[in-house]
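Student:
In the UniProt record's numbering, the protein residues as written are 1 to 223.
1) For the region 31-38 against the region 181-196, do three or more pairs of beta-carbon atoms, one drawn from each stretch, fall closer than 8 angstroms, so that the two count as touching?
2) Mapping the DSSP letters down to three states, classify residue 152 as helix, strand or coil.
3) For the candidate residues 60, 1, 78 and 111, whose alpha-carbon lies nearest to that of residue 208?
4) Would you call the CB atoms of residue 14 and residue 170 closer than 9 angstroms?
5) Report all residues from its chain with a CB closer than 7 angstroms to the CB of residue 213; omit the five preceding and five following residues, and keep chain order.
6) If you reduce the DSSP assignment to three classes, tell me which class residue 114 lands in.
7) Answer yes or no: does any C-beta atom of chain B fall closer than 9 angstroms to that of residue 120?
8) So within the region 146-223, which uninterrupted alpha helix (DSSP H) runs reach at least 4 residues, ignoring any that extend past its ends?
9) Please report how far the alpha carbon of residue 198 lies from the alpha carbon of residue 76, in whole angstroms.
10) Nearest by alpha-carbon distance to residue 183: which of 144, 54 and 159 is it?
11) Out of 130, 116 and 125, which one is the CA nearest neighbour of residue 102?
12) For the putative contact between residue 139 and residue 88, defined by C-beta atoms under 8 angstroms, what is the C-beta separation to the nearest angstrom?
13) Return the CA-CA distance between residue 66 and residue 85, expressed in angstroms with no decimal places.
Following this line, the structure appears as C-alpha cells:
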C-alpha cells in the first residue's frame, strides 16, 4: 500500500497517521507541494492524506490549485483520502462546498460529538486538537460526522472514500510541543482561551490514535 502525505508546514506533520501506516506495512512518501511544487500521481497513490496549512483554499497560489487538481483526479478514481483542517477544506471545496471564516477561532483542545453512525464503532465523543479559524460546509451528498459546541461542521464523510476533519487527530505530544513552540501565538483570540503551555500540559488523549486508526481502516477497507 502506497500512502502519500501532503504536508504544508514543517510543524504540522503526519504524526499518528505515520504510526498507523507503519503498523500496516505501508510505503509512506511525504510531499511538500508549497515548497517544492511536486505531487504524486494517481497511479502512485493508494491512500492520500492532506494535512493542515495556514493558507486558505480560497487563496490564488498555483500550488493550491495544483493540489486540488490531484485531489479531484483521485476522487474521480475513487481513491481513499483523509483531510485534516486545510486538507479537509480543499476536499470540501472540490465537492462544491463553501470554505469561509468560522463563527469562532478554535485553538486548543475541545470535545466533538458524533452525529452519524455511518462509520461503525466510532466513539460518541473525542477530544482533538483544534487549530483553525476557517471552516468547510458539508458538501452535497456528504454526511456530518462530528460537531463541537462552537462549530457544527467539524467532520464529514463523502460516499465511502473521502473523510474530512476540521480538527486534528494526527498530532502526537512532540508534535503538539512543536506547534506551540513555533506557532503558539496563534492561540491568541481563540474562543477556547487556552495558553500554549495549557495546550501542551493537556497531553494527547490515547483515544485519538485509536480513532485515527478506525478512520483509516475504514477508508482502506472500502477501497
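Ideal Cβ placement from N, Cα and C applies to all residues, glycine included.
Note that this is a predicted model, so its numbers are computed, not measured.
Tutor: Based on what the coordinates show:
1) no
2) coil
3) 111
4) yes
5) 20
6) strand
7) Chain labels in this structure do not include chain B; a single protein chain is all it has.
8) 173-183, 196-202 and 206-222
9) 43 angstroms
10) 54
11) 130
12) Between residue 88 and residue 139 the Cβ distance is about 11 angstroms, and since that is not below 8 angstroms, they are no contact.
13) 18 angstroms
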